[in-house]
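Please read the structure below before turning to the comments.
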Amino acid sequence: MLPVHPFETNKADQTLNAGVWYRVLMQVLLVEVDRLTTSLQHIKLRKLTKKSLTYEEYVWKALDKLN
1 MLPVHPFETN
11 KADQTLNAGV
21 WYRVLMQVLL
31 VEVDRLTTSL
41 QHIKLRKLTK
51 KSLTYEEYVW
61 KALDKLN
């Protein structure tokens with residue numbers, strides 16, 4: 001689930017895509033807080049939406065896709 005983006009992609013404009021940040025944050029929360037022990041490499045969310053979301057909206061859409 002952890003996205004991999006080349007450093008140069010984000011270095012050019014010094015910003016990180018919100019969707020990428022949300023995905024990383026969600027993974028940390030699943031592993032550290034909920035003690036998720038399954039292999040996260042096998043979890044695929046794909047693209048959730050093109051429009052901007054709040055983190056809460058992102059999490060709800062991601063959880064719907066994971067179930």
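When we follow the UniProt record's numbering, the leftmost residue of the sequence shown carries the number 1, and every step to the right adds one.
Just so you know, even glycine gets a beta-carbon here, dropped at the ideal spot from N, CA and C.
Quick caveat: nothing in here was measured; it's all calculated off a predicted structure.
Alpha-carbon spacing of residue i relative to residue j, whole angstroms
i, j, result
"K61", "E32", "21 Å"
"M26", "Y58", "9 Å"
"W21", "T54", "11 Å"
"L29", "D64", "17 Å"
"residue 89", "N67", "The displayed coordinates of the chain run from 1 to 67. Any statement about residue 89 would go beyond what the structure contains."
"A18", "V24", "10 Å"
"E56", "R35", "20 Å"
The alpha helix (DSSP H) enclosing residue i, as first and last residue numbers
i, result
"V28", "18-28"
Per-residue DSSP class, three states only, for residue i
i, result
"V65", "In the sequence as presented, Val is not what sits at residue 65; that position holds Lys. In the structure shown, K65 sits in a helix (DSSP, three-state: H, G or I)."
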